[in-house]
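Peer 1: Below you will find the structure I want to go over with you.
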Amino acid sequence: MSHQIKVQLSSLERKEIAALLPELTGSMKLDSKNSRVIRLSFEQAQSILHAIKIDKRSNRGVVIRCLERVTQLISNAVEELRGIGAIPIGERLYQFKITLLGFNPTIWRRIQVKSCTLDKLHEHIQTAMGWTNSHLHEFQINGERYGDPELLDDGFAEDDPFIDSTCIKLDEIVPKSGERLTFEYEYDFGDGWQHEIVFEGCMKSEKGFRYPVCLEGENACPPEDVGGVGGYAEYLEAIADPEHEQHEDLIAWRGEFDPKQFDSEKVTKKMRRGLPNWR
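Quick look at the structure:
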């Protein structure tokens, strides 16, 4: 199927295009006086672009504005076709590296997921890292904040509103070219777990293989409610020292804990099971 381009055109612009290219009259929705979104094939858009460029009529203001818009749309379409758009959406895999900031040695995961919403990516991050989805979260991408709609409903973000992450798909966030993109994800606003998320690119999924998948990673996720980066350091110190005054209490609270423990196969199984809805 030909690549589709959507462009919003005024009534006058649609009439001008129909006059230039009578064969597109049926696609121009000339019966509407308001601006309309027109779906065009890539080839039709190129035909419009060519016709506008060679047009010598007097109404140049309208056609020049239309030329600029269609040119940008074609440029975007070409970029997408060369990038992630070259892979059909149903076969497209998005690869991310997730790094929990503030630790040495590094706590990180590399995952591959199919097309989904940003809210679903949150779930994949939770299960890949080892969190339990027990606290609030947010993404910060290109200067915008994205979060759960219940944050908006509760008035949590009235002064600095969120964009609803349940409505945003990954292909609306990542570059159409498939180039790398780095953004932030914070979990538990009390402990303040800051993650760096790197979109590393898209690739084609393998037939017969199940997704999501955790490809690799290192080191265990800290326990929930341990007190952030500083609290986790104190926790590790206490459980490693039987003479520490908090040693027995922390062992009773969490049990034995190995900070180096990581198993990509077990993480993949958790990712595929997903998370219960905690709300």
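Quick note: the sequence shown uses this note's numbering, first residue 814, plus one each step. Don't be surprised by glycine CBs; every beta carbon is placed ideally from N, CA and C.
Quick check on HIS1008: buried or exposed, where buried means 16 or more other Cβ atoms within 10 Å of its Cβ?
Peer 2: Taking the first residue of the sequence shown as position 1, residue 1008 is located at position 195. Under this definition HIS1008 is a buried residue.
Peer 1: Whole-angstrom Cβ separation of LEU825 and SER840, contact assumed at under 8 Å?
Peer 2: By 1-based counting over the sequence shown, the position of residue 825 is 12. By 1-based counting over the sequence shown, the position of residue 840 is 27. Between SER840 and LEU825 the Cβ distance is about 16 Å, and since that is not below 8 Å, they are no contact.
Peer 1: Given this structure, state the Cα-to-Cα distance separating SER815 from PHE855, to the nearest angstrom.
Peer 2: Translated into the one-based positions of the sequence shown, residue 815 becomes position 2. Translated into the one-based positions of the sequence shown, residue 855 becomes position 42. For SER815, the predicted model reports a pLDDT of 48, less than 50, meaning its position is unreliable and no value from the coordinates is stated.
Peer 1: Is it the case that the Cβ atoms of THR919 and GLU1031 are separated by a distance below 9 Å?
Peer 2: In the sequence shown, counting from the first residue as 1, residue 919 sits at position 106. In the sequence shown, counting from the first residue as 1, residue 1031 sits at position 218. The answer is yes: Cβ separation under 9 Å.
Peer 1: Taking DSSP as the reference, what is the three-state secondary structure of ARG1092?
Peer 2: What you label residue 1092 is simply residue 279 of the sequence shown in a count that begins at 1. Any reading at ARG1092 is ruled out, since the residue's pLDDT is 44, under 50, leaving its predicted position unreliable.
Peer 1: Are the beta-carbon atoms of THR930 and LEU983 separated by less than 9 Å?
Peer 2: For the purposes of this step, residue 930 is taken as the residue at position 117 of the sequence shown. For the purposes of this step, residue 983 is taken as the residue at position 170 of the sequence shown. Yes. Within cutoff.
Peer 1: If you run the structure through DSSP and keep just helix, strand and coil, what is GLN908?
Peer 2: For the purposes of this step, residue 908 is identified with residue 95 of the sequence shown, where counting begins at 1. In this structure, GLN908 counts as strand in the three-state DSSP scheme.
Peer 1: Rounded to a whole number of angstroms, what is the C-alpha to C-alpha distance between GLY1040 and ARG905?
Peer 2: For this step, residue 1040 is matched to residue 227 along the sequence shown. For this step, residue 905 is matched to residue 92 along the sequence shown. Whole-angstrom Cα-Cα distance: 38 Å.
Peer 1: Can you give the Cα-Cα distance for SER990 and VAL1011, rounded to whole angstroms?
Peer 2: Here residue 990 corresponds to residue number 177 of the sequence shown, with the count starting at 1. Here residue 1011 corresponds to residue number 198 of the sequence shown, with the count starting at 1. Spanning the two alpha carbons is a distance of roughly 15 Å.
Peer 1: Rounded to the nearest angstrom, what separates ALA831 and TRP944 at their Cα positions?
Peer 2: The sequence position of residue 831 within the sequence shown is 18, counting from 1. The sequence position of residue 944 within the sequence shown is 131, counting from 1. Distance between the alpha carbons of ALA831 and TRP944 is about 57 Å.
Peer 1: Please state if the CB of SER978 and the CB of ASP1004 are separated by a distance shorter than 9 Å.
Peer 2: Position 191 of the sequence shown, counted from the first residue, corresponds to residue 1004. Position 165 of the sequence shown, counted from the first residue, corresponds to residue 978. No, the pair does not count as a contact, with Cβ atoms beyond the cut-off.
Peer 1: Can you give, in chain order, each stretch of the alpha helix (DSSP H) that sits fully within the segment 1029-1062 and has at least 4 residues?
Peer 2: Runs of the alpha helix (DSSP H) inside the segment 1029-1062: 1041-1053.
Peer 1: To which residues of the same chain is ASP932 closer than 6 Å at the C-beta, ignoring the five residues directly before and after it?
Peer 2: Taking the sequence shown and counting its residues from 1, one reaches residue 932 at position 119. These residues qualify, in order along the chain: SER978, THR979.
Peer 1: From LEU843, LEU837, SER848, pick the residue whose C-alpha is nearest to that of GLN859; which is it?
Peer 2: Sequence index remark: in the sequence shown, residue 859 carries index 46 (1-based). For the residues LEU843, LEU837, SER848, the minimum Cα distance to GLN859 belongs to LEU837.
Peer 1: According to DSSP, which residues form a beta bridge with GLN925?
Peer 2: Residue mapping note: residue 925 aligns to position 112 of the sequence shown, counting from 1. Answer is GLN908, VAL1026, bridged to GLN925.
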